[in-house]
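Participant:
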Amino acid sequence: MSSNKIWTGNMTFILAAAGSAVGLGNIWKFPYMVGSNGGSAFVIIYLICILAIGFPVMVSEILIGKYARKSPINSLVRIIQEFKLNLSWKFLGVLGALAGVIILSYYSVFAGMAFSYIFKVFPQGLENPSQYSSDYFNDLSASPINLIFWHTLFIVITSIIVGIGVVKGIGRSVNILMPFLFFFIILISIYSSFIGDLETTISFLFKPDFSVITPQIVISAMGQAFFSLSIGMGAIMAYGAYMPEKQMIGKTVVTIIFLDTFVALAAGIAIFPVVFSNPSLEITAGPGLIFETLPVAFYTLPYGSLFSIIFFVLISIAALSSSISLLEPFTAWIEESKKLNRFSIVIILSIFVWILGLGSIFSFNIWSEVKFFGLNFLGLLDYFTNNIMLPIGGFLVAILIGWVMPKNFLKEKLKLRKCLFEVFYFSLRYIAPSSIALIFLYSVF
Ligand code: PHE
């Protein structure tokens with residue numbers, strides 16, 4: 001790869017990786033998962049997974065990309081060749097690239113919904129805004145045509161950015177968006193805390209209640225940690241290939257993880273106070289939670305419709321900076337084979353993603369009764385990717401970097417202080433893989 005495909009400045013890498021990590025996973029998914037999975041127990045397990053599994057796996061992924069400077073699959077191939085490893089390690093990259101396009105298929109359905117809310121202004125003088133909001137969400141999800149329209153629009157925009165290429169398309173856009181988003185989410189959480197029930201929110205989110213823990217909650221919290229950090233599928237590995245040579249991986253990962261966790265918790269604090277103070281809103285509302293709740297908060301806010309527009313624009317852009325990283329690993333891999341140009345690859349992949357997305361759209365309406373293992377099509381894809389594919393990807397990365405690659409290689413590349421390196425190495429070799437394996441076993445038996 002030529003050096004013109006490396007981002008200039010440390011900040012661009014951080015913003016791009018944080019742009020990938022911070023997305024619907026934080027603002028849309030984290031609150032509803034917490035709401036449906038018993039609150040604090042989920043939050044605490046989630047935070048433990050972020051530290052014990054997320055940190056070492058993210059460092060390892062970036063290391064692979066930065067060292068080999070290729071798409072995730074070809075970076076693995078390069079490492080296989082240089083270190084004379086078994087060829088089947090390539091499977092790890094293929095699994096990840098596939099997970100990316102599968103996730104994108106339903107991600108874009110929800111991102112499309114966020115788009116549609118940019119154009120939705122609630123009429124003045126409503127007697128029961130919460131009821132109005134729930135009804136509006138139910139109408140939107142009952143209409144396949146509407147959802148298909150927004151899903152299509154989102155995929156087209158994602159494809160254009162990925163088609164333009166990572167350095168130009170991705171590097172620039174995140175520089176503007178991310179700071180804006182942070183500012184806004186803080187503002188809204190402060191406002192919600194004032195108008196809603198902050199006390200109940202804080203005890204719901206942080207007061208430990210381990211009596212509610214079930215295997216299902218544990219595996220969902222781990223899956224959410226993988227999803228939210230964009231690890232286990234090569235997204236961050238793909239960006240690692242564009243990281244400036246001098247940038248330090250360890251420090252960068254700490255920043256990304258901090259930003260990601262901060263936005264997720266802030267989203268919780270933006271949403272729950274409103275839910276707890278409105279009897280017609282349910283914390284267990286599931287995927288519709290933010291769409292039913294936030295408009296109610298905005299409704300009572302002076303200049304609320306303006307804030308609502310800005311907020312949904314920001315969520316949509318946050319979703320875009322994540323969706324491009326879902327499509328990038330597969331695209332970059334095929335591009336390197338030099339058989340097709342970037343735009344043609346993106347078009348072919350997007351058509352596949354679009355068709356698969358229809359299944360998720362129909363899960364809200366015409367297929368809502370079609371169940372596989374008790375889940376609808378959307379639920380099945382979500383469960384399979386987050387709770388199975390990403391953790392397997394993370395497990396294999398930990399084994400590859402922690403057990404197969406020489407320790408000296410890592411030491412030399414990471415340049416961490418000795419004690420920090422030992423902590424990292426121990427968690428990579430022992431804590432991360434054994435926790436993933438134990439959580440799997442716990443949830444199966
Ligand atoms: N982390 C993104 C989010 O929170 C989603 C994502 C998952 C992006 C996996 C890339 C890879 O919205």
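At position 334 of the sequence shown (counting the first as 1) the number is 334 in the working numbering, and the numbers step up by one without a gap. Ideal Cβ placement from N, Cα and C applies to all residues, glycine included.
#1: Can you look up Leu281 in the DSSP assignment and give me helix, strand or coil?
#2: State the beta-bridge partners of Leu375 as determined by DSSP.
#3: Can Gly100 be considered in contact with ligand 1, in the sense that its beta carbon sits closer than 7 Å to one or more heavy atoms?
#4: What does the Cβ neighbour count give for Asn128, buried or exposed, with the cut at 16 atoms within 10 Å?
#5: Which residue from Phe42, Gly19, Leu98 and Pro391 puts its Cα closest to that of Ser203?
#6: Can you tell me the Cα-Cα spacing of Thr8 and Pro244, whole angstroms?
#7: Unbroken alpha helix (DSSP H) runs of length 4 or more, entirely within the region 14-76: which are they?
#8: So for Ser2, helix, strand or coil by DSSP?
#9: Once you ignore the five residues that flank Phe180 on each side, which residues in its own chain have a CB closer than 7 Å to its CB?
#10: Which residues in the same chain have their Cβ closer than 6 Å to the Cβ of Phe227, if we skip the five residues on either side of it in sequence?
#11: Give a single yes or no on whether Gly25 has its beta carbon closer than 7 Å to a heavy atom of ligand 1.
#12: DSSP three-state call for Glu335: helix, strand or coil?
#13: Near Leu416, what residues of its chain come up, given a Cβ to Cβ distance below 6 Å and the 5 sequence neighbours on each side ignored?
#14: From Ser368 to Phe122, what distance separates their C-alpha atoms?
#15: DSSP state of Leu301, grouped into three classes?
#16: Please classify Cys419: is it buried, with 16 or more other beta-carbons within 10 angstroms of its beta-carbon, or exposed?
#17: For Ile310 and Ser363, what's the separation of their Cα atoms in angstroms?
#18: Specify the secondary structure class of Ser192 as computed by DSSP and reduced to three states.
#19: Mind checking if Ile148 is an interface residue toward chain C, Cβ cutoff 8 Å exclusive?
#20: To the nearest angstrom, report how far apart Lys235 and Leu126 are at their CA atoms.
#21: Under 8 Å between the Cβ atoms of Ile290 and Ile27?
#22: When you compare only the Cα positions, how much space is there between Ile348 and Ile102?
#23: Can you tell which of Gly112, Ile401, Gly38 and Met58 has its C-alpha closest to the C-alpha of Ala221?
#24: Please indicate yes or no: does the CB of Met233 lie closer than 7 Å to some heavy atom of ligand 1?
#25: Assuming Pro329 and Ser88 are in contact, meaning their beta carbons sit under 8 Å apart, how far apart are those beta carbons, in whole angstroms?
#26: Pick out the complete alpha helix (DSSP H) segments inside the region 180-239, 4 residues or longer, and give them in chain order.
#27: Among Leu356, Phe445 and Ile176, which one has its Cα closest to the Cα of Met11?
#28: Any chance the CB of Ala21 is under 7 Å from a heavy atom of ligand 1?
#29: Using a threshold of 8 Å, state whether the C-beta atoms of Leu428 and Ile388 are closer than that.
Facilitator: In this structure, then:
#1: coil
#2: The partner list for Leu375 (beta bridge, DSSP) reads Phe372.
#3: yes
#4: exposed
#5: Looking at the Cα atoms, Phe42 is the closest of the given residues.
#6: Each residue's Cα considered, the two are about 7 Å apart.
#7: For the region 14-76, whole alpha helix (DSSP H) runs of length 4 or above, ordered along the chain, are 30-36, 40-49 and 55-68.
#8: With a pLDDT of only 41 at Ser2, under 50, the local geometry of the prediction cannot be trusted, and no value is derived from it.
#9: Leu314
#10: Gly25 and Asn386
#11: Answer for Gly25: yes, Cβ within range of ligand 1.
#12: helix
#13: Result list for Leu416: Gly250, in chain order.
#14: 27 Å
#15: coil
#16: exposed
#17: 29 Å
#18: Correct three-state label for Ser192: helix.
#19: The structure shown has no chain C; it contains just one protein chain.
#20: The residue asked about is misnamed: residue 235 is Ala in this sequence, not Lys. C-alpha separation (whole angstroms): 44 Å.
#21: yes
#22: One C-alpha to the other measures close to 14 Å.
#23: Gly38
#24: For ligand 1, at least one heavy atom lies less than 7 Å from the Cβ of Met233.
#25: Not quite, the Cβ-Cβ distance comes to about 18 Å (not below 8 Å), so this is no contact.
#26: 198-206 and 215-229
#27: If we check each option's Cα against that of Met11, Ile176 comes out closest.
#28: Yes, since a heavy atom of ligand 1 falls inside the 7 Å radius drawn around the Cβ of Ala21.
#29: No, the Cβ-Cβ distance between Leu428 and Ile388 is not below 8 Å.
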